[in-house]
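Colleague:
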Amino acid sequence: MTDRTQRLQGFTPMAPHLFTPSSIQAPVSRPVMNPRVSTQVRATDRAEALAAKAWAKAGKLGAVLFDRKRVPKLAELADAAAAEFYTRCGEFGDMHYDTHDTDWNPHAPHEQGVVRVWAVGTNHVDVIRDRWRDVPNRMQTPVDYFASMYGCGLPDFFDCARYGCTGDCDRACSVRLAKSCTGPTRAIPVNRGTLVLLFRCCRECEALAGKLAANTYKTAVIDARVGLPPGAVIMPNPDPSVNPDAWA
784 MTDRTQRLQG
794 FTPMAPHLFT
804 PSSIQAPVSR
814 PVMNPRVSTQ
824 VRATDRAEAL
834 AAKAWAKAGK
844 LGAVLFDRKR
854 VPKLAELADA
864 AAAEFYTRCG
874 EFGDMHYDTH
884 DTDWNPHAPH
894 EQGVVRVWAV
904 GTNHVDVIRD
914 RWRDVPNRMQ
924 TPVDYFASMY
934 GCGLPDFFDC
944 ARYGCTGDCD
954 RACSVRLAKS
964 CTGPTRAIPV
974 NRGTLVLLFR
984 CCRECEALAG
994 KLAANTYKTA
1004 VIDARVGLPP
1014 GAVIMPNPDP
1024 SVNPDAWA
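This is the structure we're talking about:
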């Protein structure tokens, strides 16, 4: 016996073509948040702007030498330095912060959208806010102020001897890659989001890291050519306007 009792079929929309099965099963769309609303995104942008202004050439060099695929040992060194920084800036850490402005509380939620520049191996950090607190109408922005400070070769106006340093701790090589590590050093920044690791690298370590990066690149090119058919080559730039032979 067949049950012929009428059953409610549910709501029938006035525009059924707008309620296809795929649209009904799709998640409810939400407006995408503007990245500029995030204080972390804005701080990352400031870190990149600072590196471009203060260490234009050294920043590009650091991007190559600390690349995980080029010089894995230096990439691991940067990871270890970042981990050390976050450990030392904890609740019972020994870091000292300088904003060249008002005091900064590293544990306050509203103070997290800042750029921190740490000279690796030291106990002092430069903190770069989005704006000044003490004198809001300063002519220079915080990024321009710190960029000019680093560009003039002044590591900081921070008397680190007050906190147990020898006074020249940010001048020694912090890479220590070569056995003959010695001599004068220069700053090489490594960006880690809102954290800028400021390494000091001597000429010996820089030369050795450059050789390792070049050899790693050559090895990668050789490995890429292994599977090519006879006569095929890898063009440096396959763009047809640059290398028309690649499309001949």
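With the numbering used here applied, the sequence shown closes on residue 1031, and no number is skipped along the way.
Note that the Cβ used here is the ideal one computed from N, Cα and C, for glycine as well.
Between Val-903 and Leu-991, which are expected to be in contact by the criterion C-beta below 8 Å, what is the C-beta distance as a whole number of angstroms?
Modeller: Contact doesn't hold; Cβ gap of about 18 Å is too wide.
Colleague: Leu-833 and Val-898: beta carbons closer than 8 Å?
Modeller: yes
Colleague: Note down the Cα distance separating Lys-962 from Pro-1013, rounded to an integer number of angstroms.
Modeller: Their backbone Cα atoms lie some 43 Å apart in a straight line.
Colleague: CB-CB under 6 Å to Val-842, same chain, minus the five flanking residues each way: which ones, in chain order?
Modeller: Val is not the amino acid found at residue 842; the sequence shown has Gly there. The residues are Ala-834 and Pro-972.
Colleague: Check whether the Cβ atoms of Arg-986 and Ala-955 sit closer than 8 Å, and answer yes or no.
Modeller: no
Colleague: So which of Cys-988, Tyr-880 and Val-854 has the shortest CA-CA distance to Asn-906?
Modeller: Tyr-880
Colleague: So what does DSSP say about Ala-902, is it helix, strand or coil?
Modeller: strand
Colleague: Counting along the chain, where does the alpha helix (DSSP H) carrying Leu-960 start and finish?
Modeller: Unbroken run through Leu-960: none, as it is neither H nor E.
Colleague: Skipping 5 residues on each side, what residues in its chain have a beta carbon closer than 7 Å to that of Arg-916?
Modeller: If we look at Arg-916 and ignore the five residues flanking it on each side, its Cβ neighbours are Asp-884 and Thr-885.
Colleague: Of the choices Val-958, Ala-826, Ala-837 and Val-1004, whose alpha-carbon is the least far from that of Ala-863?
Modeller: Val-958
Colleague: Checking 8 Å against the spacing of the C-beta atoms, do Ala-858 and Phe-849 come in under that value?
Modeller: yes
Colleague: Which of the three DSSP states is assigned to Asp-939 in this structure?
Modeller: Residue placement at Asp-939 is flagged as unreliable, the pLDDT there being 44, under the threshold of 50; a coordinate-derived value is accordingly withheld.
Colleague: Arg-819: which of Asp-913, Asp-1006 and Gln-923 sits nearest, CA to CA?
Modeller: By alpha-carbon distance to Arg-819, the top candidate from Asp-913, Asp-1006 and Gln-923 is Asp-913.
Colleague: Measuring alpha carbon to alpha carbon, tell me which of Gly-845, Arg-1008, Gly-976 and Asp-877 ends up nearest Glu-989.
Modeller: Gly-845
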